[in-house]
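Participant: Chains as they are written, first to last, in this note's numbering: chain A, 2 to 235; chain B, 100 to 653; chain C, 16 to 192; chain D, 9 to 184.
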Amino acid sequence: MSVVTLVIDGHDVAGQSGQSILSVAREHGIAIPTLCHLDGLSEVGACRLCMVEVRGARRPLAACVTEVQEHMEVTTTTDELTDYRRQIIELLFTERNHVCAVCIANRHCELQDLAKALGMTHFDLPALNPSAGVDASHERFGIDHNRCVLCTRCVRVCAEIEGAHTWDVRGRASEARVITDLGTPWGESPTCTSCGKCVQVCPTGALFEKGRAVAEGKERRPYVPFLVARNRRS
Amino acid sequence: MPEPDDAPARARHHEPVLPEGPVRATANVCHAAGCLSLGSDLVFDRLCERVEASGTDDVGVRRVGCLGLCAQGPLVKVPEHDRLYAKVPAEPDELDQLVEQFRSGTGGLVVSEDPFFARQVKVVLRHCGSVDPEEVEDYVAKGGYAALRRAVTEMTPEEVVAEVTESGLRGRGGAGYPTGLKWATVAKSGEGGHKYVVCNADEGDPGAFMDRSVLESCPQQVLEGMAIAAYAVGANEGYVYVRAEYPLTVRRLNSAIRQAERAGLLGTAIADTSFSFHLEVRIGAGAFVCGEETALLASIEGRRGTPRPRPPYPAAAGLFGEPTLINNVETFASISAIIERGGRWYAAIGANKSRGTKVFALAGAVERTGLIEVPMGLSLRQIVFEIGGGVPGGHRCKAVQTGGPSGGCIPEELLDMPVDYESLVSAGSIMGSGGMIVMDETTCMVDVARYFMDFCREESCSRCVPCRAGTVQMHRLLDRICSGLATRADLERLERLAAMVQRASLCGLGQGAPSTVFSTLRYFKDEYLAHIDHRTCPAGVCEMAPFEMAGSGR
Amino acid sequence: MTSATADAVGARGTPGVPAGPAHPSEDRRWRQVDVRIRRLGARPDGLIEVLHTLQQLFGYLDDDALAYVSEALGVPPSQVMGVATFYSFFVLKPQGAHTCVVCTGTACYLNGAKAILRALREALGVEVGGTTADASLSLLGARCLGACSQAPAVVLDGEVHGKVLAEEITALVASHA
Amino acid sequence: MAKPRLATIWLDGCSGCHMSFLDLDERLFDVFARAELVYGPLVDAKEFPEDVDVTLVEGAVSTEDDLRRVREVRAKTKILVSLGDCAVTANVPGMRNPLGPKAILETAYASGVTGASAAPSEWVPALLERVQPVHAVVPVDVYLPGCPPSADVIAEAIDQLLAGQLPDTAHLASFG
């Protein structure tokens with residue numbers, strides 16, 4: 002591990018070689034929006050919200066999967082990047098049925114927070130309104146696919162931390178859905194340990210604990226700090 | 100999909116007729132997919148029967164790969180008389196007459212004088228249509244595997260890389276990355292550990308059948324190129340990743356590998372040296388995105404074909420995490436000629452920064468559709484009008500689409516442009532793998548944009564948001580335009596969304612998805628505006644939808 | 016063959032050692048599946064190859080088959096399902112006795128594949144990817160069959176029909192359905 | 009100078025946004041000191057008047073009647089404000105979109121209730137195939153999301169509107 006110095010938004014900062022731009026930026030209090038990223042899990046570079054401009058690069062790069070390099074010059078916010086981020090949030094809101102008003106995660110939702118942070122007041126693109134389905138067969142948990150953003154945090158936390166690999170993604174394109182086992186109802190899953198980590202890491206109200214009312218869903222996330230700590234140690 | 104793997108549909112085929120003594124004529128019957136679909140296997144069987152029945156001993160009948168002029172199959176070529184016979188019937192009486200023509204060198208067309216062939220320069224396709232794709236001996240007899248023998252016995256790996264570098268060959272899969280540079284990178288990667296050579300034969304562009312034709316016509320040539328590459332970069336294992344939609348290709352590849360191994364040209368101790376190279380075929384399963392190299396590797400590893408962010412590039416960490424060289428079929432098929440005749444010879448063909456030749460699948464509104472190989476730098480006009488014979492039915496050429504779903508439409512007024520990587524990019528398209536679709540004025544360019552967006556939307560791997568959801572919304576906007584329901588604001592929104600998807604998507608599929616929108620907007624914006632402002636489709640393709648919002652009735 | 020992961024070839028891949036989980040049924044085709052699995056070293060990277068074998072033998076992939084592969088290759092069930100549904104070549108439902116594949120590649124699209132699909136959908140009363148109620152025929156679309164010279168192309172039970180007209184092919188297909 | 013003419017309408021929504029508007033409490037005195045409320049559920053006018061300066065639209069566009077009314081309002085209003093999530097995103101009314109109107113009516117009047125009857129065919133407006141946000145059918149000038157937007161947010165927006173400015177609502181409001 003060697004120290005790398007670079008410039009982010011005009012600030013001279015230092016990080017370790019092999020560290021991502023995102024990680025170095027956050028250590029220095031520079032905010033970059035993310036959705037699929039979660040400290041402690043592998044990176045997939047899927048939501049594209051953390052795109053930043055790197056001087057000399059032909060296109061914006063995802064900060065979560067781009068390693069810092071000596072003398073790198075990074076800009077985290079430009080009009081263009083903000084426009085892209087807003088469009089991505091808009092695409093997510095219109096892709097499924099995100100109705101904050103009746104959502105268990107209302108006011109504790111990363112998607113909702115991102116929309117607010119990016120100053121979104123409405124969407125021009127039409128809502129696609131698919132019938133994405135709900136699985137409430139599990140004794141303690143449920144999944145409402147209408148609120149899923151396919152960040153795959155649940156898939157990764159289950160495979161990488163819990164080691165059960167109950168979750169994965171089936172299908173592709175707009176038909177893609179997270180599934181348990183062979184698409185088996187969650188409550189009948191032979192591999193699920195009911196540990197609840199998937200529910201804890203879900204950024205929206207897609208995965209929820211039963212018995213909670215609207216806006217009560219996500220206030221406590223005891224596992225998240227644990228995952229962070231685990232990551233720091235390694 | 101079209102036929103089961105072992106296609107036993109028709110009974111066992113006749114053995115080729117190969118007379119012992121001197122022959123006056125050899126009927127080379129095309130057995131590539133196009134002609135087979137027109138019944139060339141039946142022609143072959145009947146021809147064998149007729150020749151045997153006639154008692155002559157100076158006429159041979161063989162199966163060969165693609166003869167190029169696919170539009171007019173089934174094709175038979177008689178190389179002794181430089182003649183090609185098109186639309187060959189399977190009627191015994193007519194065949195008897197044809198056999199006489201074969202012997203006397205009459206009828207058909209003279210290959211070297213025909214414009215379809217005269218303009219072509221064959222490097223990749225030099226054995227296509229002359230070797231039996233199912234017999235390794237035939238390939239060896241025509242000089243096959245001499246390049247591999249030479250490389251492993253007379254050259255160091257560094258010399259092989261240097262030769263490829265000097266040739267100026269660039270990846271024929273689309274992006275045009277310098278092949279020599281890629282080989283050198285893989286050669287330097289890893290420290291004596293495992294490395295892989297992978298052939299990307301996942302030809303997914305709709306309207307493209309180059310790789311299929313090459314692999315079905317002369318699979319050994321591709322295997323030889325892979326083996327030379329493996330020697331150059333220090334790999335001992337490799338995979339050919341081929342589409343499941345091409346069962347004949349799979350069959351011929353598997354048979355070619357077995358035959359080459361038996362002949363000591365693949366496997367252990369190649370050409371009696373210590374170099375070994377083991378090859379396996381991996382069959383894709385219908386996912387366009389697997390043409391993207393990291394997705395392809397994931398698929399070979401038995402996983403969902405979702406691309407991953409690069410770096411690390413496969414040259415550093417590829418298949419099973421090991422350094423991996425990935426080139427496409429045509430790139431590998433070019434290698435043996437480069438080693439045989441030298442990088443300098445190859446570099447003398449072509450134009451600008453694009454050296455050598457390129458194979459194209461010419462299709463669409465053109466008289467002579469088929470498989471062609473031309474020197475880089477030939478103009479699109481020469482390809483469409485001189486080789487392709489122009490647009491049929493008294494129509495005029497409106498545009499030429501290259502590069503498949505990540506490419507673009509080049510308008511008629513730019514047809515004098517040379518075909519090379521840089522010119523195509525500056526015109527808003529790409530070289531791509533070699534699909535070339537000619538469009539006439541009965542084609543609506545907005546409809547074409549919608550068609551390709553529909554393709555990209557359905558082929559999105561679903562991982563990244565811009566591609567997964569952005570293509571869906573772009574398709575809706577294009578659909579609105581085609582239906583006459585869009586406003587100018589919709590058009591602006593389309594452009595804004597397209598820019599984001601192009602810049603923010605994770606892999607080439609998403610980044611390339613808006614390219615047809617951009618190129619059609621650049622050259623055919625008037626057609627978009629006609630749909631929006633006047634609710635008319637100039638090409639007469641699109642149907643306008645009623646304006647008023649529908650109530651449910653109740 | 017892949018010696019990079021040779022260590023992963025466990026007992027199951029070694030000849031002579033009792034192989035694999037119990038077969039889902041008495042069907043003898045499972046033995047062929049086992050042969051294929053053994054030949055691939057019973058490793059996770061053989062998943063797609065084994066799915067091809069299964070579909071070839073059984074015509075489609077059902078839950079029993081997927082669960083069997085999951086256990087035999089040591090791949091989590093959700094991942095097996097993820098792979099089986101990612102690739103459009105794999106089907107999870109029984110197909111019709113006959114198949115009709117309409118090519119929708121660029122050349123075919125421009126030459127009328129859309130009209131052919133519409134006519135077939137109406138005549139058969141099924142959507143693309145669907146099978147008629149009496150299971151006599153499945154209607155499929157294909158990205159590109161590489162038969163661009165014969166555009167528009169339709170493949171009926173493995174036989175390519177080139178330069179087809181909507182009415183013509185509909186009548187022909189209807190006679191199979 | 010005459011006082012600006014203010015109107016509110018209520019399409020497919022729960023009236024929560026109007027309740028939130030009433031939650032302005034004593035600040036309502038300020039509003040009515042500065043503006044004249046010419047139409048809305050809170051006043052007695054039967055016809056939507058001409059020459060309205062600002063109209064707050066609550067609710068999504070769900071029926072043929074909603075569509076007719078919002079078009080009329082748009083034609084007679086200088087500045088149209090989409091008030092609340094239903095107007096801005098279709099929100100809860102839009103939750104019927106994945107199912108379609110026929111299935112909804114069937115559930116509401118037949119299969120889902122005891123003493124089943126048929127869906128009414130007279131005296132009520134027909135449902136549209138899809139519930140739409142207001143800006144999908146007429147141009148909107150100001151968006152004020154929230155379910156409901158808080159009284160503070162509404163107060164701030166009205167204050168600026170009555171001062172003749174278009175409020176920047178990006179930092180004011182959020183969904184839900």
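Heads up, the beta-carbon is just placed ideally off N, CA and C, and yes, glycines get one too.
This one's a predicted model, so the numbers in the text were calculated from it and none came from an experiment.
Kindly indicate which three-state DSSP category A/Cys203 falls into: helix, strand or coil?
Facilitator: For the purposes of this step, residue 203 of chain A is taken as the residue at position 202 of the first sequence. DSSP places A/Cys203 in coil when its eight states are reduced to three.
Participant: Can you have a look at A/Thr77 and say buried or exposed, based on whether 16 or more other CB atoms are within 10 angstroms of its CB?
Facilitator: Indexing the first sequence from 1 puts residue 77 of chain A at position 76. Under this definition A/Thr77 is a buried residue.
Participant: Counting Cβ pairs closer than 8 Å, one from the stretch 165 to 178 of chain B and one from the stretch 208 to 220 of chain B, do we hit at least three?
Facilitator: yes
Participant: Ignore the nearest five residues each way along the sequence and tell me which others in A/Lys198's own chain have a CB closer than 7 Å to its CB.
Facilitator: As a working mapping, residue 198 of chain A is identified with position 197 in the first sequence. In the same chain as A/Lys198, and ignoring 5 residues on each side of it, the C-beta atoms closer than 7 Å to its own belong to Val158, Cys159, Ile162, Glu163 and Tyr224, in chain order.
Participant: Taking the continuous alpha helix (DSSP H) assigned at B/Met325, which residues delimit it?
Facilitator: Counting from one through the second sequence, the residue named residue 325 of chain B turns up at place 226. Note, B/Met325: alpha helix (DSSP H), Pro318 to Val332.
Participant: Count the other CB atoms within 10 Å of the CB of C/Phe101; is the residue buried (16 or more) or exposed (fewer)?
Facilitator: Position 86 of the third sequence, counting from 1, holds the residue named residue 101 of chain C. By the neighbour-count rule (16 or more Cβ atoms within 10 Å), C/Phe101 is buried.
Participant: According to DSSP, what are the bridge partners of A/Ser21?
Facilitator: Your numbering for residue 21 of chain A matches position 20 in the first sequence. Note: A/Ser21 sits in a beta bridge opposite A/Glu68.
Participant: May I have the straight-line CA-CA distance separating D/Pro12 from D/Thr177, to the nearest angstrom?
Facilitator: Here residue 12 of chain D refers to the residue found at position 4 when the fourth sequence is read from its first residue. Here residue 177 of chain D refers to the residue found at position 169 when the fourth sequence is read from its first residue. Those two C-alpha atoms are separated by around 21 Å.
Participant: Using the beta-carbon count (16 or more within 10 Å), is B/Val518 buried or exposed?
Facilitator: What you label residue 518 of chain B is simply residue 419 of the second sequence in a count that begins at 1. B/Val518 comes out buried.
Participant: Just checking, does the stretch 70 to 79 of chain C make contact with the stretch 33 to 46 of chain C on the three C-beta pairs under 8 Å criterion?
Facilitator: Yes, the stretch 70 to 79 of chain C touches the stretch 33 to 46 of chain C.
Participant: Give a yes or no on whether 8 Å exceeds the smallest Cβ distance from C/Thr100 to chain A.
Facilitator: Taking the third sequence and counting its residues from 1, one reaches residue 100 of chain C at position 85. Yes, because at least one Cβ of chain A sits closer than 8 Å to the Cβ of C/Thr100.
Participant: Cβ of A/Glu217 less than 8 Å from any chain D Cβ?
Facilitator: For the purposes of this step, residue 217 of chain A is taken as the residue at position 216 of the first sequence. With 8 Å as the cut-off, A/Glu217 does not count as an interface residue toward chain D.
Participant: Answer yes or no: do B/Val564 and A/Cys48 have a C-beta to C-beta separation smaller than 8 Å?
Facilitator: Residue mapping note: residue 564 of chain B aligns to position 465 of the second sequence, counting from 1. Residue mapping note: residue 48 of chain A aligns to position 47 of the first sequence, counting from 1. Their beta carbons are under 8 Å apart, which means B/Val564 touches A/Cys48 by this criterion.
Participant: Could you list which residues in chain D have their beta carbon closer than 7 Å to that of A/Arg108, in chain order?
Facilitator: Position 107 of the first sequence, counted from the first residue, corresponds to residue 108 of chain A. The answer, in chain order, is Gly184.
Participant: State the start and end residues of the unbroken alpha helix (DSSP H) segment that holds B/Ala629.
Facilitator: The count along the second sequence starts at 1 and reaches residue 629 of chain B at position 530. From DSSP, the alpha helix (DSSP H) with B/Ala629 extends over Ser614 to Asp632.
Participant: Could you check where the alpha helix (DSSP H) with D/Val69 kicks off and where it finishes?
Facilitator: Here residue 69 of chain D is taken as the residue at index 61 of the fourth sequence, counted from 1. First-last for D/Val69: Val69 to Thr71, but that is the beta strand (DSSP E), not the alpha helix (DSSP H).
Participant: In chain A, which residues lie with their C-beta within 7 Å of the C-beta of B/Leu596?
Facilitator: Here residue 596 of chain B refers to the residue found at position 497 of the second sequence. Per Cβ cutoff of 7 Å: Gln88.
Participant: Please report the residue range of the beta strand (DSSP E) in which B/Glu258 lies.
Facilitator: Numbered from its first residue, the second sequence carries residue 258 of chain B at position 159. Note, B/Glu258: premise wrong, no beta strand (DSSP E); alpha helix (DSSP H) at Pro256 to Ser266.
Participant: Below 8 Å CB to CB, which residues in the same chain sit around B/Ser528 once its five sequence neighbours on both sides are set aside?
Facilitator: For this step, residue 528 of chain B is matched to residue 429 along the second sequence. In its chain, beyond the 5 residues on either side, Gln500, Thr501, Gly502, Gly506, Gly507, Cys508, Ile509, Ser614 and Ser618 have a beta carbon closer than 8 Å to the beta carbon of B/Ser528.
Participant: Applying a beta-carbon distance threshold of less than 7 Å, which residues of chain A neighbour D/Ala98?
Facilitator: As a first step, residue 98 of chain D is located in the fourth sequence; it is residue number 90 there, counting from the start. Near D/Ala98 (Cβ distances below 7 Å), the residues of chain A are Ala128.
Participant: On the three-state DSSP scale, how would you describe A/Thr6?
Facilitator: Position 5 of the first sequence, counted from the first residue, corresponds to residue 6 of chain A. DSSP places A/Thr6 in strand when its eight states are reduced to three.
Participant: Identify, in the order they occur along the chain, each residue of the same chain with its Cβ nearer than 6 Å to the Cβ of A/His146, setting aside the five sequence neighbours on each side.
Facilitator: As a first step, residue 146 of chain A must be located in the first sequence, where it is residue number 145. Cβ neighbours of A/His146 beyond the five flanking positions: Ala133, Gly134 and Arg178.
Participant: Could you tell me which chain D residues have their CB closer than 8 Å to the CB of A/His123, listed as they occur along the chain?
Facilitator: Numbered from its first residue, the first sequence carries residue 123 of chain A at position 122. Under the 8 Å cutoff, chain D gives Ser90, Val96, Thr97, Pro141, His143, Val148, Tyr151 and Pro153.
Participant: Would you kindly check if the distance between the Cβ of D/Cys94 and the Cβ of D/Asp31 is under 8 Å?
Facilitator: Sequence index remark: in the fourth sequence, residue 31 of chain D carries index 23 (1-based). Sequence index remark: in the fourth sequence, residue 94 of chain D carries index 86 (1-based). For the 8 Å CB-CB criterion, D/Asp31 and D/Cys94 do not form a contact.
Participant: Which stretch, first to last residue, makes up the alpha helix (DSSP H) that contains B/Ser375?
Facilitator: Residue 375 of chain B sits at position 276 when you count from the first residue of the second sequence. Here B/Ser375 belongs to no alpha helix (DSSP H), and DSSP marks it neither H nor E.
Participant: Looking at chain C, which residues of the stretch 35 to 67 of chain A have a Cβ within less than 8 Å of any of its Cβ atoms?
Facilitator: Under the 8 Å Cβ criterion, the stretch 35 to 67 of chain A contributes no residue.
Participant: Does D/Ala134 come within less than 8 Å of chain A when only Cβ atoms are used?
Facilitator: Translated into positions along the fourth sequence, residue 134 of chain D becomes position 126. Output row for D/Ala134: interface = no.
Participant: So which residues on chain A does D/Asp93 lean against when the C-beta distance must stay under 9 Å?
Facilitator: Start at 1 with the first residue of the fourth sequence, and residue 93 of chain D comes out as number 85. Close partners of D/Asp93 in chain A (Cβ separation under 9 Å): Val100, Cys101 and Ala102.
Participant: Count the other CB atoms within 10 Å of the CB of C/Tyr124; is the residue buried (16 or more) or exposed (fewer)?
Facilitator: For this step, residue 124 of chain C is matched to residue 109 along the third sequence. Classification for C/Tyr124: buried.
Participant: With a Cβ-Cβ cutoff of 8 Å, do B/Ala464 and B/Cys543 count as a contact?
Facilitator: In the second sequence, counting from the first residue as 1, residue 464 of chain B sits at position 365. In the second sequence, counting from the first residue as 1, residue 543 of chain B sits at position 444. No, Cβ-Cβ distance for B/Ala464 and B/Cys543 is not below 8 Å.
Participant: Taking 8 Å as the cut-off, decide whether the C-beta atoms of C/Leu72 and C/Leu88 are in contact.
Facilitator: Your numbering for residue 72 of chain C matches position 57 in the third sequence. Your numbering for residue 88 of chain C matches position 73 in the third sequence. For C/Leu72 and C/Leu88, no; Cβs fall outside 8 Å.
Participant: Taking CB distances under 8 Å as the criterion, tell me whether C/Thr17 reaches chain A.
Facilitator: Within the third sequence, numbered from 1, the residue matching residue 17 of chain C stands at position 2. At C/Thr17 the pLDDT is 41, less than 50, meaning the model places this residue with poor confidence; the figure from the coordinates comes in the next sentence. Not an interface residue.
Participant: Quick check: what's the CA-CA separation for B/Gly50 versus B/Ser375?
Facilitator: As displayed, chain B neither begins before 100 nor continues past 653, which places residue 50 of chain B out of reach and without an answer.
Participant: Return the chain-ordered list of same chain residues with a C-beta closer than 8 Å to the C-beta of A/Val103, the five sequence neighbours on each side being excluded.
Facilitator: Here residue 103 of chain A refers to the residue found at position 102 of the first sequence. Excluding sequence neighbours, A/Val103 sits near Val215.
Participant: Rank C/Ala168, C/Lys129, C/Met96 and C/Thr68 by C-alpha distance to the C-alpha of B/Asp546 and give the top, closest one.
Facilitator: Translated into the one-based positions of the second sequence, residue 546 of chain B becomes position 447. Of the candidates C/Ala168, C/Lys129, C/Met96 and C/Thr68, the residue whose Cα lies closest to the Cα of B/Asp546 is C/Lys129.
Participant: Between A/Ile33, A/Ile89 and A/Cys203, which lies nearest to A/Val75 when the distance is taken from Cα to Cα?
Facilitator: Within the first sequence, the letter at position 74 stands for residue 75 of chain A. Checking every option, the nearest Cα to that of A/Val75 belongs to A/Ile33.
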